[in-house]
Amino acid sequence: MTLAALLLLAMNLRLIYPSLAVLLPDIGAALGLSPAAQGYVTTLPVLCMGLFAPLAPLLARRFGVERTVVGLLVLLALGTGLRGAFGVPGLFFGTALAGAAIAVANVLLPALVKRDFGGHVPLVTSLYSMMMNVGAAIAAAATVPLAYVVTGHWTAALALWAIPALLVAGVWGARVRHHAAPAPAPRQTTGGPRLWRDPLAWQVTILMGSQSGLAYCAAGWIAPILRHRGMEAVLAGGVMSVNMMLVVVGSLLAPLLVRQLRDQRRLNVALSLLSGVPLLGFLFAPLSTAWWWAAVQGIGSGAVFTTALTVIVLRSRDTAVAARLSSMAQTVGYVIAAMGPLCVGLLLDWTGGIAAAGGVFVALTLSAALAGWGAGRARYVNA
0 MTLAALLLLA
10 MNLRLIYPSL
20 AVLLPDIGAA
30 LGLSPAAQGY
40 VTTLPVLCMG
50 LFAPLAPLLA
60 RRFGVERTVV
70 GLLVLLALGT
80 GLRGAFGVPG
90 LFFGTALAGA
100 AIAVANVLLP
110 ALVKRDFGGH
120 VPLVTSLYSM
130 MMNVGAAIAA
140 AATVPLAYVV
150 TGHWTAALAL
160 WAIPALLVAG
170 VWGARVRHHA
180 APAPAPRQTT
190 GGPRLWRDPL
200 AWQVTILMGS
210 QSGLAYCAAG
220 WIAPILRHRG
230 MEAVLAGGVM
240 SVNMMLVVVG
250 SLLAPLLVRQ
260 LRDQRRLNVA
270 LSLLSGVPLL
280 GFLFAPLSTA
290 WWWAAVQGIG
300 SGAVFTTALT
310 VIVLRSRDTA
320 VAARLSSMAQ
330 TVGYVIAAMG
340 PLCVGLLLDW
350 TGGIAAAGGV
360 FVALTLSAAL
370 AGWGAGRARY
380 VNA
C-alpha cells in the first residue's frame, strides 16, 4: 500500500471528537441534554471502539484489507453526517456508527504498518499518528466558524465533516480497482488464551486504555470545561486547536525518543505525566494559562499515544501477533478509555461543578504511568 493512502485514512479518524466537543454546550442547550447525557455522547464513540475492535481481523480476512477500509470510510461518512440530523437519535446513532467504523480502522493500522512498512515502524506510526491529530486540529479550529459564520447552525457544521471521509473512500476505492486480489490479512482474531493470560499483554492494554482515556477526556472536555469557567466559544476552540497541533509535535518527537532507548519504561511514565497533569491546569489554574496547558498536554498526549502504538508492534514477534495484540489492546483499552469522559460528565452532573473531574484525571494518569512502566520492558508477549 502507499504511505499517502495510509495517512489520508488516519487523518479522518479523529475528526468527530473535537468537532463535537467545541459545540457541546450549544448542542446540549439546543437538544436539552444534561451534563450526564453530554458525557454519554462523548463516551459513545470511544465505547464503540472497544466493542467493535474485535471485528477487524474477521472483516479483513473476509473482504481484504483495502475493501474493508473503503467500507469503513463510507460508514464513517454516514455516521458523521447523521450527527447533524434527526435531533437526539441522529446525534447518538451517528456518533455510534462513526465510532464503530473508527474502531475497526484503528485495529487495522498497526497490522498494516507491520505488513507494509516493517523496517520503519516507529517513523510510520509517528506519521499516521501525526495525521490523526492534524485532522483533529483542523476540526477544532474550523467547526465553530463553520457553525456561526459559514453555515449558521451547528447541525450543518457537524455534518460537513463527512465530506473528507467520502473523498478518501474514493482514493481507497481506486486502490481496490487496481488490486484485483485482496491483500492478505492476519488470520487470528482477538487473541488466544495465552495472550489474554500474559501480564505484558495486559500492561500494553492498560497503557493503551489509560492514555486514550486521558486523550478523550482532553478532546471531549477541554472546551466545555473552559466555557464553563467563562471562556468564549471561539477562544475555547482555539485552545483546543493549539492542543491538537501540539499533539502533532509530540507524535513526531516520540520515534526520536524511542530510537534512543533500549526499553520505554521511563519514557512511558514521563509522557503519561505530561499528558495527565496539565488537565488539572484546565480545572484550577487561571484561564490565561490555558494556552500553556494546552501546549504541554498536547505534546505529552501525542508522544504517549504514538509510543503506546509503537509498543504494540515492538512487543510482537510478527504481523499476526501484532494484529492480535492490537485487537486486544484496543478492544479492552477503549472500554477503559470510555470510562474517562463518561465519569467526567457524570461528575459534572452530580456535583454541578468541574473540580471533581480532577479525580478522574489523576486516576487515569497513575494507571497509564504504572502500566507504561511494565509495557516498556524490552520483551515479547507470550502469544
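Going by numbering that gives the first Met the number 0, the sequence shown opens with residue 0, and the numbers climb by one from there.
Quick reminder that beta carbons are idealized off the backbone N, C-alpha and C, glycines included.
Note that this is a predicted model, so its numbers are computed, not measured.
Considering only W171, V246, A76, A146, the residue with the shortest C-alpha distance to V233 is A146. Within the same chain, and ignoring the five residues on either side of L225 in sequence, the residues whose Cβ sits closer than 8 Å to its Cβ are L234, A235, V238, F281, L286, A289.
Note that the segment 337–356 does not touch the segment 154–165; fewer than 3 beta-carbon pairs, one per stretch, sit closer than 8 Å. Counting only the Cα atoms, F92 lies some 12 Å from L75. The C-beta distance from T41 to L19 rounds to 7 Å, short enough to fall under 8 Å. Counting only residues of its own chain and dropping the five nearest sequence neighbours on each side, R378 has a CB closer than 8 Å to the CB of L199, R314. Taking C-beta separations shorter than 8 Å and ignoring five residues to either side along the sequence, the partners of I162 in its chain run A76, following chain order. Annotation: G212 to I311 spans about 17 Å, alpha carbon to alpha carbon. In the three-state reduction of the DSSP assignment, E231 falls in the coil class.
For N267, the enclosing alpha helix (DSSP H) stretches over residues 264–283. The residue from T306, F360, L255 with its alpha-carbon nearest to that of L279 is F360. Rounded to whole angstroms, the gap between the alpha carbons of A214 and A253 is 16 Å. Here S33 is exposed, its C-beta having fewer than 16 other C-beta atoms within 10 Å. Distance from the Cα of I205 is smallest, within the candidate group V247, E231, N267, W220, for N267.
Rounded to the nearest angstrom, the Cβ distance from G49 to V276 is 26 Å, too far for a contact under 8 Å. Of the residues S274, R13, T309, A28, the one whose Cα lies closest to the Cα of V295 is S274.
Around the beta carbon of A138, a 10 Å sphere encloses 16 or more other beta carbons of the protein chains shown; the residue is thus reported as buried.
Under the rule that a run must span 4 or more residues, the alpha helix (DSSP H) segments found entirely inside the segment 56–106 read 64–81. For the pair L23 and A222, the Cα-to-Cα distance works out to about 8 Å. Of all alpha-carbon atoms in A173, A140, W171, V175, the one lying nearest the alpha-carbon of W160 is that of A140.
Under the DSSP assignment, V380 falls outside any alpha helix (DSSP H); it carries neither an H nor an E label. The alpha carbon of A35 has as its nearest neighbour, out of G117, M338, L72, G373, the alpha carbon of M338.
In the displayed model, L14 falls within coil according to three-state DSSP, outside both helix and strand. By alpha-carbon distance to L90, the top candidate from G27, F304, D197, G229 is G27. The beta-carbon distance between S128 and F283, rounded to whole angstroms, is 29 Å. This is too long to meet the 8 Å contact definition. Non-local beta-carbon contacts of L251 in its own chain, meaning distances under 7 Å to residues more than five positions away in sequence, involve S125, M129 in chain order. At a Cβ-Cβ threshold of 8 Å, A336 and V45 count as neighbours. Between the beta-carbon of A355 and that of L365 there is about 17 Å, and that puts the pair past the 8 Å contact cut. About 4 Å separates the beta carbon of G249 from that of A302, a gap short enough to meet the 8 Å contact definition.
The three-state secondary structure of A222, taken from DSSP, is helix.
Taken through DSSP and simplified to helix, strand or coil, W201 comes out as helix.
When secondary structure is reduced to three states using DSSP, L30 falls in the helix class.
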